[in-house]
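See structure below.
Numbering (this note's numbering), first residue to last: 730 to 804.
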């Protein structure tokens, strides 16, 4: 299996996305009786968007998810 060597910006983007994914999962797994949809902190989304843009991956989902799968297959 080929090994991808990520740039610092790509690694930061993948890590930010994984943090966002964990935040969303935690929000969805939280108590459901609150009567409102789960909220994701705006900072988590902003961090991921900024990291993707800095890595040149904004709007290029295919390339990003290829990197993500190579670096972190279980995500």
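Backbone N, C-alpha and C fix where the C-beta goes; we use that ideal spot for every residue, glycine too.
None of these values were measured; they are calculated from a predicted model.
Practice item. Give the DSSP-derived three-state secondary structure of residue 786 in the structure shown. Key: coil
Practice item. Give me the Cα-Cα distance between residue 735 and residue 770, rounded to the nearest whole angstrom. Key: Pairing residue 735 with residue 770, the inter-Cα distance amounts to about 27 Å.
Practice item. Answer yes or no: do residue 745 and residue 780 have a C-beta to C-beta separation smaller than 8 Å? Key: yes
Check your understanding: Which value, in whole angstroms, describes the spacing of the CA atoms of residue 788 and residue 740?
Key -> 17 Å
Review point. Just the Cα atoms here: how many angstroms apart are residue 743 and residue 758?
Key: 22 Å
Practice item. Taking residue 752 and residue 773 to be in contact with their CB atoms under 8 Å, please state how far apart those CB atoms are, rounded to whole angstroms. Key: Confirmed, about 5 Å.
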